[in-house]
Each structure stands twice: as structure tokens, then as C-alpha cells.
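Residue numbers (the working numbering), protein chains in the order written: chain X, 1 to 140; chain B, 141 to 451. The beta-carbon is built from N, C-alpha and C at its ideal position, and this holds for glycine as well. Following: one structure in C-alpha cells, then a few remarks.
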Amino acid sequence: MLRVDPIQEGIVLDHIRAGLGMRVFQELGLGEKGLTVALLMNVPSTKLSRKDMIKITGVPDLDLTKLGLLDPGITVNYIQGGAVARKVKPGLPERVAGLIRCRNPRCITSTEGYVAPEFTLVNPAAKEYRCSFCGERVRV
Amino acid sequence: MGAERALQGRSLVNASDLGLEEYESLFALAESIGRDPPAYAEACRGKILATLFYEPSTRTRLSFEAAMLRLGGQVLSVADPGTSSVAKGESLADSIRTVAGYADLIVLRHPKEGAAQLAAHYSPVPVINAGDGAREHPTQTLTDLYTIRTFKGRLRDLTVAVCGDLRYGRTVHSLLRGLRRYPGIRFFLISPEELRIPEPLRDELAADGIPLTEMPEMEAALPQADVLYMTRVQKERFFNEEDYLRLRDFYILTPERLGLLKEDGIVLHPLPRVTEIAYAVDADPRAVYFQQARLGMYVRMALIAAVLGVI
Chain X
1 MLRVDPIQEG
11 IVLDHIRAGL
21 GMRVFQELGL
31 GEKGLTVALL
41 MNVPSTKLSR
51 KDMIKITGVP
61 DLDLTKLGLL
71 DPGITVNYIQ
81 GGAVARKVKP
91 GLPERVAGLI
101 RCRNPRCITS
111 TEGYVAPEFT
121 LVNPAAKEYR
131 CSFCGERVRV
Chain B
141 MGAERALQGR
151 SLVNASDLGL
161 EEYESLFALA
171 ESIGRDPPAY
181 AEACRGKILA
191 TLFYEPSTRT
201 RLSFEAAMLR
211 LGGQVLSVAD
221 PGTSSVAKGE
231 SLADSIRTVA
241 GYADLIVLRH
251 PKEGAAQLAA
261 HYSPVPVINA
271 GDGAREHPTQ
281 TLTDLYTIRT
291 FKGRLRDLTV
301 AVCGDLRYGR
311 TVHSLLRGLR
321 RYPGIRFFLI
331 SPEELRIPEP
341 LRDELAADGI
351 PLTEMPEMEA
361 ALPQADVLYM
371 TRVQKERFFN
381 EEDYLRLRDF
391 YILTPERLGL
401 LKEDGIVLHP
411 LPRVTEIAYA
421 VDADPRAVYF
431 QQARLGMYVR
441 MALIAAVLGV
451 I
């Protein structure tokens, strides 16, 4: 089996839904931070059967809101001295600003591009958010 | 008086931005203005109201302008948005901040939903939403509630039937949101399948436990209705003219149908009417839509005076 050395200081993004790892890698801009990063795909998992993982050396600022939107099931493990120092589950964010565009063509934000709509979580089960400007519901 | 003071300097974007006490305070002031208009003829002297209408609405604009003029204030108006800075590509935020330098209060109508909220965010002076797309039209709600209060003597324990375009009609959305806060309100929502109220609004009303019956015909609702609110099926809300023509004449209030309405029921309409109320209905004392337009001016006078803090 393919092995990647354990990291001493850094972050492990675990329990990424299989197939989503590349998107998480790209959305977080991990290739642009000059860090050593390993993207593992289709790793056997007792919890998910298959999962993706990302190992990052160093501790970059991660946008946990974006991460929660991409996959609320992800676990963020902060590694110090080769051991897990802290685990964070981003979950679905209650409020999201600037990451989602409103899909309602009648929404003011469709023409006034300088405005970032804020979205409020209204239905966690359906991953449904409401636009603060027009009230449109958007599923992410 | 306290609630009026609380309105000073505030924008009005959604009908629900005002509490029931604030509504009542505005209605009491509107009543006072309506009883003795000359007493308020100088209230806004030295103040300027700007009306920015990015889509046509002669009626609402005239109502606001008349309200300001009757308060002794002055009015700036963009005559035709097509020739204004909008046509040159200026953003709404920039237009608002520019106009705010000239006026004490801005009244905005815009075809996009959420436009008034954006304007209120950028404006250093209060913004009153005079309609933003299919979303809200809070001063129409003030007009409607004030009319109901005037003719029925109360805003609670009422059965309200709303008929026509319930999907795209912003006056309806604002009215339902405005009325749902009063106890004992029951709705009959009469529309063709295609024009039923949007799902999120239905969910909001259901969450509040408001009794609500949706029906495709008005006949069953009329004998129980204290208020019948008729609306126009608006051409500009349709992408397809065939759909508009097919649905336009679906619900027309005729003298025969009016005969089914409660003896002390009233008929409201935000105007302009197209075909949805027969002219023969106008003579019935229960048809109060032209009084409604006048009452709307008084309640807008009350709102302007309260927001400008001159009363």
C-alpha cells in the first residue's frame, strides 16, 4: 500500500468525501502556498469505506467556512510534535459571505457585482441557505 | 409619540422592519393628518425628498411626491431612468450616495430584489423602499393596513381573502407579512396554480401557525371574507406573453360575485386596475380602493414626517 510519512507540524484534513479531495485542494489554494502537501485519494476508511485526505506541512490559515461548505464532514487535525493537538469539525457555517453567488436572476447582486451577498443557513439537512438581499434559497 | 421618534433617521426596507406599535403610531398620525391637513402643511419646510424610480410607477411616485408637497417639503425626481446616469452604467450604490448629498430622504423603486436593502446600506440618509422587484413594497402595506383599520376599525380577528397574482405580486407578499403579526388573522389565497404564493412565504406563514387556505376560485371565500384584496396580474412579471394573456382574465370581480361578499366586507386593490374588477363594482360602498389611494398618501405623509423627525 502507498504510504506517506507522518508529519510533525502541520494539518491533516481527514474524512474528505472520496472524490472531493482535488476540489478541496484547489478551493483552499493549497498548491499556491509553497507548502509540502500530499493529496491522498480513495484511502480505505472504516467510517466512509473510501475517503480522501490532505496532509499539509506547516500551519496555513485555512478558510474553515469554505471547508464546511465544501464538505461539513471533514475533520481538521492540527498536528504538533507528530501528534494530534486539536481536532476541528467545521460543519455547515451558519453565515456565509462572499463565497456563494445568488442564483436568482432578479436579485440585485446579479447586476451590482461589487456586493457580496450574505447567506444564512435555513435548512441544514438540505444544505439550504437564504440570500440576505432577495431571500432566495440556494442549495450548496 | 415615542414610536414616531424611534423612526427618525431610519430606513424602511421591509414591512416587518416596523413593530406593531410603530405601525399604530403611524396610523394615528395619518389619521390626525387626514382630519386636519392644513395643520401639517409646513411640517417639512426646508426638507427635500428624492424619488428614484428605476421602473415605471406613476401612482406610487405621485403619492410620495404629493405627500411631501402637502407637508410643505420639496421633491427631486428622476424623470426617466433611461436617460439618467443608470444608462451610463453608474452603480446603484454610487447613484444613492450622490443623491443622498442632495436630499434628506430617498424613495427608491427598483426592478431588482434586495435593491432597497443595498441602497439603505450605502445611503447616509434614510431610504424608503417603494418596491423592489417581486419582493417588498412596505408603504403599500402601510396603506393597506391603514385602509383596513379605517374601514373595519381593527387589524385583528379578520378573514382576509387575497386574489390574483400571489406569486409575483409584491404588494401581496408585503401584505401577508404585515398582517400575519396580528392575532386572529385567517387567509384565503385565491389564485391559479401558476400564481400561488412562493414556497418560502408559505413556509413562513405556516411556521407562525396562520390558518391559510389556498383555492383556485373566489366564490367559496367571499361569504366569509372581511376583506377582499384584489390584485392585477402584471405583464412585466411574465417572461412569456402567452402565459400572461391566458391568466390575466382568470379572476374578475363582477357585481354577481361581489354579491357573495359579506355585507360589511370591503374590497381593496393596490391600483392600477386592468380588468380584474368590473367598473360596475365601483359604485358599491364596499369598494374602497379609491379611498385606499388617498389614505395611502396620508400614511406616507406620516411616514415621511416620522422618518425626518419633524413631528
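Check	Outcome
Please determine if the region 410-420 of chain B and the region 363-372 of chain B are in contact, where contact requires at least 3 C-beta pairs separated by less than 8 Å.	yes
Report all residues from its chain with a CB closer than 7 Å to the CB of Arg-317(B); omit the five preceding and five following residues, and keep chain order.	Ala-155, Ser-156
Under 8 Å, CB to CB, which of the residues in the region 233-262 of chain B have a partner in chain X?	Ala-233, His-250, Pro-251, Lys-252, Glu-253, Gly-254, Ala-255, Gln-257, Leu-258
How about Leu-245(B) and Ile-444(B): are their beta carbons less than 8 Å apart?	yes
For Ala-38(X), which residues of its own chain have a beta-carbon under 6 Å away from its beta-carbon, when the five flanking residues on both sides are left out?	Val-4, Lys-55
State yes or no: is the beta carbon of Ser-197(B) nearer than 8 Å to at least one beta carbon in chain X?	no
On the CB-based measure, 16 or more other CB atoms within 10 Å of its CB, does Thr-198(B) come out buried or exposed?	exposed
List, in order along the chain, the chain B residues whose C-beta lies closer than 9 Å to that of Phe-119(X)?	By Cβ distance, chain B contributes nothing, its closest Cβ being about 12 Å from Phe-119(X), past 9 Å.
What does Ala-231(B) reach in chain X if we use C-beta pairs closer than 8 Å?	Residue identity check: residue 231(B) is Ser in the sequence provided, not Ala. Those are Glu-112, Tyr-114, listed as they occur along chain X.
Closer than 8 Å is the cut-off here; do at least three beta carbon pairs connect the region 329-338 of chain B with the region 396-411 of chain B?	no
Indicate whether the contact test is met: 3 or more Cβ pairs, each with one atom in the region 73-80 of chain X and one in the region 108-126 of chain X, closer than 8 Å.	no
Residue ranges of each alpha helix (DSSP H) run of no fewer than 4 residues wholly in the region 336-411 of chain B, ordered along the chain?	339-347, 381-388, 395-398
Would you mind telling me which residues of chain X sit closer than 7 Å to Ala-274(B), beta carbon to beta carbon, in chain order?	Arg-106
Taking the straight line between their C-alpha atoms, what separation do you get for Val-93(B) and Leu-92(X)?	The shown model of chain B, from 141 to 451, leaves out residue 93(B), and the question about it has no answer.
Across which residues does DSSP place Ile-11(X) in a beta bridge pair?	Ile-56(X), Tyr-78(X)
May I have the straight-line CA-CA distance separating Leu-152(B) from Tyr-308(B), to the nearest angstrom?	21 Å
Does any CB atom of chain X fall closer than 8 Å to the CB of Pro-340(B)?	yes
Please name the residue, chosen from Ala-347(B), Thr-281(B), Ala-446(B), that lies closest to Gly-86(B) on a Cα-to-Cα basis.	It is not possible to answer for residue 86(B), since the shown part of chain B is limited to 141 through 451.
Look at the alpha carbon of Tyr-163(B) and the alpha carbon of His-250(B), and state the distance between them as a whole number of angstroms.	24 Å
Kindly list the residues whose CB is nearer than 8 Å to the CB of Met-141(B), restricted to its own chain and excluding five residues on each side of it in sequence; keep chain order.	With a pLDDT of only 49 at Met-141(B), under 50, the local geometry of the prediction cannot be trusted, and the value read off the model is given with reservation. Here the set comprises Ser-165.
Inspect the CB distances between the region 291-299 of chain B and the region 258-272 of chain B and report whether three or more fall short of 8 Å.	no
List, in chain order, every chain B residue whose beta-carbon is nearer than 7 Å to that of Arg-57(X).	Arg is not the amino acid found at residue 57(X); the sequence shown has Thr there. Simply none; closest approach about 42 Å.
For a minimum of 3 consecutive residues, which ranges assigned as the beta strand (DSSP E) are wholly contained in the region 278-340 of chain B?	299-303, 326-330
Are Ile-74(X) and Ile-16(X) touching if we call contact CB-CB under 8 Å?	yes
Could you spell out where the beta strand (DSSP E) holding Ile-173(B) opens and where it closes?	Careful: Ile-173(B) lies outside any beta strand (DSSP E), inside the alpha helix (DSSP H) at 160-175.
If you scan the region 192-276 of chain B from start to end, which runs of the alpha helix (DSSP H) of 4 or more residues do you find wholly inside it?	198-210, 232-240, 255-262
If you drop the 5 nearest sequence neighbours on each side, which residues of the same chain put their C-beta closer than 6 Å to that of Arg-326(B)?	Thr-299, Pro-351
Give me the Cβ distance between Arg-210(B) and Pro-177(B), rounded to the nearest whole Å; I'm assuming they're in contact under 8 Å.	6 Å
Starting from Arg-137(X), find everything on chain B with Cβ-Cβ shorter than 9 Å and list it in chain order.	Glu-339, Pro-340
Quick check on Phe-133(X) - is its C-beta less than 8 Å from some C-beta in chain B?	yes
What does Thr-75(X) touch in chain B if you count any residue whose Cβ is under 7 Å from its own?	Residues of chain B passing the Cβ test: none, with the nearest at roughly 33 Å.
Below 8 Å, how does it come out for the region 231-242 of chain B and the region 274-289 of chain B: are there three or more Cβ pairs, yes or no?	no
From Gln-432(B) to Glu-344(B), what distance separates their C-alpha atoms?	27 Å
Label Gly-159(B) either buried or exposed according to how many other C-beta atoms from any shown protein chain fall within 10 Å of its C-beta, with 16 as the threshold for buried.	exposed
When DSSP builds the beta bridges, which residues end up paired with Pro-44(X)?	Arg-50(X)
Of all the options Leu-315(B), Asp-424(B), Val-450(B), Arg-201(B), which has the alpha carbon lying nearest to the alpha carbon of Ile-268(B)?	Arg-201(B)
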